[in-house]
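Since the structure comes first, as structure tokens, the remarks are kept for the end.
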Amino acid sequence: MIIFVQSIINGILIGGVYALVAMGLNLMFGVMKLVNFAHGEFLMTGMYIAVWLTALWMPSGYWGIYWVTVPTMLAMAVLGCVFYLILLRRAARFGAFPQMLLTFGLSIGLQGLAQVLRGSDFVLQRNPVNGSALRFSGLTIEVGPGIGFLTALIVAVAMGYVLHSTRWGKSARAVAENIETAEMLGIDARRVFVVATAISVGLVGLTAALLIPYHYTYPNVGQTFAMVAFLSIVIAGLGNVVGSIFGGLLMGIVQTMTASYLDLDLSTAFIYVVFLAVLLLRPQGLFTRGRRVL
Amino acid sequence: MLARCLLVGSAILASVLAAAQVLGNPAQAAGVVDIAVLLPLSGPNGTVGEMDVNAMKLAIEDINAAGGIKSLGGATLHPIVADATNDAQGAVTTAERVLSQNKVSAAYGVAISSLTGAALPSFMKHHVPVLTTATADSLVTPTNGGYLFQFPATSNHYAQLEVEFLHYLNDKFHMGISKAVILYVNNPSGFEVQKGIKAVAEKGGLEVVLDSPFKEGITDASPLVSKVQQSGAQVLFPHAMVEDAGLLLTGLRSADSHVLVIGAGGGFIWPPIGKALGENVDGLISAAMWNFDSKPINDDPKLLAVTQRYLKTYGTFMPEQAGETYAGMWILADALEAAASTDPEKVRDALAKINITSGGAMLMGPGGIAFGPNGESLHSTPVIVQWQGGIPRTVYPENLATAKVIKP
């Protein structure tokens with residue numbers, strides 16, 4: 001029984017991180033109909049920024065390393081704005097496909113840049129959170145991933161509020177539903193896109209800052225997370241931002257349960273089996289009813 | 001008119017291509033010997049390539065400063081470094097490109113067993129011998145056509161040493177360890193380490209309660225940690241690269257696991273793990289193909305100066321991969337010296353017969369360098385290291401040790 005519960009806990013903890021990455025990805029897809037292949041590399045960029053900030057200064061104390069959370073998120077949000085205004089907006093003139101190719105090219109470019117600037121070395125700043133855990137009744141909850149999971153819950157609630165109760169959120173949903181009609185009604189779609197990109201990239205910045213206490217930073221670090229995030233958003237339902245949290249958690253649980261009860265080596269492969277099953281049986285996503293817009 | 005234009009155009013193009021071929025190929029220039037150095041310089045194994053390149057620069061500086069290849073009139077070594085990427089197809093493409101565009105006398109690479117195995121047919125096709133640090137046993141078989149020379153020990157040899165060391169610990173500290181878990185990355189080297197450990201462990205009375213591969217590049221080590229805990233094992237033999245090793249060790253610490261870890265693979269011995277774990281790295285044990293502070297190196301002022309220069313130049317102790325590459329460059333220089341030719345076939349013959357007992361290649365170990373009929377190393381010996389005071393110290397075998405093992 002302990003193994004079962006521990007596997008669920010482990011799955012939920014890593015699933016929280018997948019969910020955070022997936023929510024940003026799904027927001028861009030939902031609003032802009034764009035699959036951002038550079039999402040993982042934005043995560044990597046955020047991790048390098050966070051590591052650099054901690055190297056500059058880190059307050060003493062157990063939680064010291066988390067001071068970088070807000071600055072990294074803001075820096076990445078600004079980077080998201082720049083990304084939209086300088087690259088995506090121009091590429092949009094030529095259609096969705098060039099935009100997608102651009103993000104693909106950007107992902108390779110960012111990886112190469114990281115390699116040139118920082119080398120292929122694996123970086124992990126020494127800090128007290130790494131390796132610390134809460135233990136009770138034979139169960140372990142790692143602090144670093146635990147913080148990630150709690151943040152994912154808060155972000156999911158906040159995203160639900162922003163999308164359904166704020167002026168920008170309503171505009172974003174209108175643009176996602178039908179951009180031409182939304183523009184005729186006076187909604188500035190370009191502004192909606194800038195903010196959506198800023199939030200999406202800002203969210204990976206937040207995830208990056210939450211990962212650096214316990215996860216190595218290196219040029220390819222974003223790839224694995226982004227791949228699972230892609231699967232999570234398809235499972236949750238494309239464009240279902242808040243539902244992404246369930247997609248991420250499900251991916252995490254499937255991964256850990258497969259490792260515990262089937263085979264360690266199958267844990268990654270099995271999430272693709274679940275992904276294919278969802279595509280075949282419920283292509284609109286497990287957590288989406290009908291044709292969902294955000 | 002059109003035909004004349006085409007003719008003139010073709011002639012100009014042919015001249016430009018011929019000139020580019022001559023200018024772009026330093027092997028044509030007097031006194032320079034080209035060697036292909038194919039390494040993973042990007043992707044998850046890019047750190048391996050970086051360490052190799054750092055050491056290669058030092059070695060080539062030393063070789064050329066010592067008069068170059070004397071039998072070739074003091075010719076200097078000129079490395080043509082190329083990124084073999086991180087996948088088999090990339091390694092093949094790079095090998096084909098470098099070997100077909102340059103007249104190289106020998107090649108060095110491709111560091112990772114799966115990449116080396118994939119690129120091997122290209123070396124065979126171009127009749128260029130390749131000297132490798134890749135450790136898979138499957139590389140040193142008659143199928144390599146006599147073109148591959150593996151100068152460290154094999155993965156199997158390394159695995160056997162891990163089990164031998166466990167028995168040594170059991171005897172020395174009366175630890176009574178009898179149940180083992182083997183976790184290894186899902187690649188050729190990982191499988192060979194697993195096979196090696198399992199075969200020796202079971203013969204030595206050790207019960208292997210779990211052996212399982214895992215996919216390289218994990219995002220979370222908790223499933224691995226759970227497996228180890230469920231198994232009730234007292235010793236864990238993990239084979240992993242840096243990012244996975246770090247997550248696994250941190251996961252074990254979080255779970256308050258007291259399982260003894262005897263690692264294998266760069267993840268447990270390269271500088272990043274020391275930097276990441278800080279003082280917590282002390283006590284960690286791993287097998288290594290080479291270590292900078294083995295006794296023969298510390299006892300030889302010239303070899304010691306090499307490791308100290310690496311520390312001064314790059315700010316870290318000389319890691320396993322770098323030490324091997326420094327020695328590897330010297331092995332190629334010695335083979336060229338013996339061949340007295342830049343013809344890759346003659347260099348291959350020289351490598352097959354070589355018996356090095358002095359010079360920079362001795363950094364590999366006291367036995368010197370010689371190869372068996374399938375290109376396997378005859379004398380290289382792996383060692384066991386234990387992190388002490390933030391650096392990996394050689395603790396076993398006793399004749400190579402510079403520090404005493406601290407009870408884990």
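Sequences listed follow chains Z and A, in order.
Residue 270 in the numbering used here sits at position 270 of the first sequence, and the numbers go up by one each step.
Residue 350 in the numbering used here sits at position 350 of the second sequence, and the numbers go up by one each step.
For glycine and all other residues, C-beta sits at the position ideal for the given N, C-alpha and C.
- A contact is defined here as three or more CB-CB pairs under 8 Å, and the stretch 255-274 of chain A fails this definition with respect to the stretch 297-304 of chain A.
- For the pair Z:Leu-206 and Z:Thr-69, the CB atoms are nearer than the 8 Å cut-off.
- Boundaries of the alpha helix (DSSP H) around Z:Glu-183: 179-184.
- The Cβ atoms of Z:Phe-193 and Z:Val-31 lie closer than 8 Å to each other.
- In the three-state scheme derived from DSSP, where H, G and I count as helix and E and B as strand, A:Phe-371 is classed as strand.
- Taken in chain order, the whole alpha helix (DSSP H) runs of length 4 or more contained in the stretch 153-202 of chain A are 155-173.
- Annotation for Z:Ser-7: the continuous alpha helix (DSSP H) segment containing it runs 2-32.
- Distance from the Cα of A:Thr-357 is smallest, within the candidate group A:Phe-371, A:Val-347 and A:Arg-348, for A:Phe-371.
- Residue environment: Z:Val-195 is assigned as buried (16 or more neighbouring CB atoms within 10 Å of its CB, all protein chains considered).
- Contact check between the stretch 211-231 of chain A and the stretch 7-15 of chain Z: three or more CB pairs, one atom from each, fall below 8 Å, which counts as touching.
- Neighbours of A:Phe-214 across chain Z, judged by C-beta separation under 7 Å: Leu-264 and Asp-265.
- Contact of Z:Tyr-214 with chain A is assigned, a C-beta pair being separated by under 8 Å.
- With distances taken between CA atoms, A:Glu-207 lies nearest to A:Val-235 out of A:Val-235, A:Ala-107 and A:Glu-164.
- Each residue's CA atom was taken as its position, placing Z:Phe-225 and Z:Pro-71 some 22 Å apart.
- Taking the Cα positions, Z:Gly-148 is about 18 Å away from A:Ala-255.
- When the five nearest sequence neighbours on each side are left out, the beta carbons in the same chain lying within less than 7 Å of the beta carbon of Z:Ser-260 are those of Ile-3 and Ser-7, in order along the chain.
- Inter-residue distance for A:Asp-343 and A:Leu-131 is about 16 Å (C-alpha atoms, whole angstroms).
- Proximity of chain Z to A:Ser-122 at the Cβ level (cut-off 9 Å) is not reached, the minimal Cβ distance being about 24 Å.
- Contact of Z:Gly-131 with chain A is assigned, a C-beta pair being separated by under 8 Å.
- Shortest Cα-Cα distance from Z:Ala-38 to any of Z:Asn-240, Z:Asn-220 and Z:Val-234 involves Z:Asn-220.
- The Cβ of Z:Tyr-62 sits no closer than 8 Å to any Cβ of chain A.
- For Z:Arg-289, the three-state secondary structure derived from DSSP is coil.
- When the Cα atoms are used, Z:Phe-287 and Z:Gly-61 turn out to be separated by approximately 41 Å.
- When DSSP assignments are scanned along the stretch 110-165 of chain Z, the uninterrupted stretches of alpha helix (DSSP H) that are 4 or more residues long and fall wholly within it turn out to be 143-165.
- Distance from Z:Gly-24 to Z:Val-204 at the Cβ level is roughly 5 Å; contact confirmed, criterion being Cβ atoms closer than 8 Å.
- Close partners of Z:Asn-10 in chain A (Cβ separation under 8 Å): Asp-220, Ser-222, Pro-223 and Ser-226.
- For A:Asn-64, same chain residues with a beta-carbon under 6 Å away, outside a window of 5 residues either side, are Thr-76 in chain order.
- Only buried fits A:Met-51, as 16 or more other CB atoms lie within 10 angstroms of its CB.
- Around the beta-carbon of A:Pro-272, 16 or more other beta-carbon atoms lie within 10 Å, marking it buried.
- Among the CB atoms of chain A, none fall inside 8 Å of the CB of Z:Gln-284.
- At the C-beta level, A:Arg-253 and A:Asn-280 come within 8 Å of one another.
- Contact check for Z:Val-155 against Z:Val-143 fails: the beta carbons are separated by 8 Å or more.
- Close to Z:Phe-225, with beta-carbon spacing below 9 Å, are these residues of chain A in chain order: Thr-219.
- A direct Cα-to-Cα measurement between A:Gly-390 and A:Val-53 gives close to 24 Å.
- Z:Arg-190 and Z:Gln-223 have their C-alpha atoms some 29 Å from each other.
- Residue contact with chain A for Z:Ser-232: absent (no Cβ-Cβ distance below 8 Å to any residue of chain A).
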